[in-house]
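Here is the structure we will look at.
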């Protein structure tokens, strides 16, 4: 039983990074200070962000991400 608990704990720790929430502040990403994030600004932080993934996060199809939309992106790769 003890080995099972240790294994489960190790597995939980190993996978927790995959589900890490995005904690990036919009002020850090919004380099032009207009209150939204463009694809170029987002790709400066999320190096592997595709245009399709950006469009999927852009719920209102404005071409820019609001703070709420930005929060839906996964945590950037370290």
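Residue numbers (the UniProt record's numbering): 1 to 78. Cβ coordinates follow ideal geometry from the N, Cα and C atoms, glycine included. Remember, predicted model here, so these are calculated numbers, not experimental data.
Item                                                                                                                : Value
Closest to residue 44 by CA distance: which of 68, 59 and 26 is it?                                                 : 26
Hey, how far is the Cα of residue 29 from the Cα of residue 41?                                                     : 6 Å
Sort 74, 64, 72 and 46 by Cα distance to residue 33 and report the nearest one.                                     : 64
Residues in its own chain within less than 7 Å of residue 66 by CB, not counting five upstream and five downstream? : 36
Alpha carbon to alpha carbon, how far is residue 23 from residue 75? Give it in angstroms, no decimals.             : 7 Å
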